[in-house]
Amino acid sequence: VTFERDPQLYYEDGYQELVNRGFKIDVQPIGEVSWVEIDNHDDLARGREIACRY
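Residue numbers (this note's numbering): 122 to 175.
Set out below in structure tokens:
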């Protein structure tokens, strides 16, 4: 629904739509994990460093 309304929205907007419809969203710890959210070229470089370990 959010994509049909506006394809430029982020996935978090989809989560908000679910909450608005009564869904419960929870979190779970996953332990120590190397990761990076990639928003720019510096993040991409860090992501490549992490990915090369696998």
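Virtual Cβ for every residue (Gly too), placed ideally from N, Cα, C.
Since we're looking at a predicted model, the values are computed, not measured.
Query                                                                                                                                                                      : Result
With a threshold of 7 Å on Cβ separation, who are the neighbours of residue 145 within its own chain once the five nearest residues in sequence on each side are excluded? : none
Just the Cα atoms here: how many angstroms apart are residue 160 and residue 143?                                                                                          : 30 Å
Alpha helix (DSSP H) containing residue 130: first to last residue?                                                                                                        : Unbroken run through residue 130: none, as it is neither H nor E.
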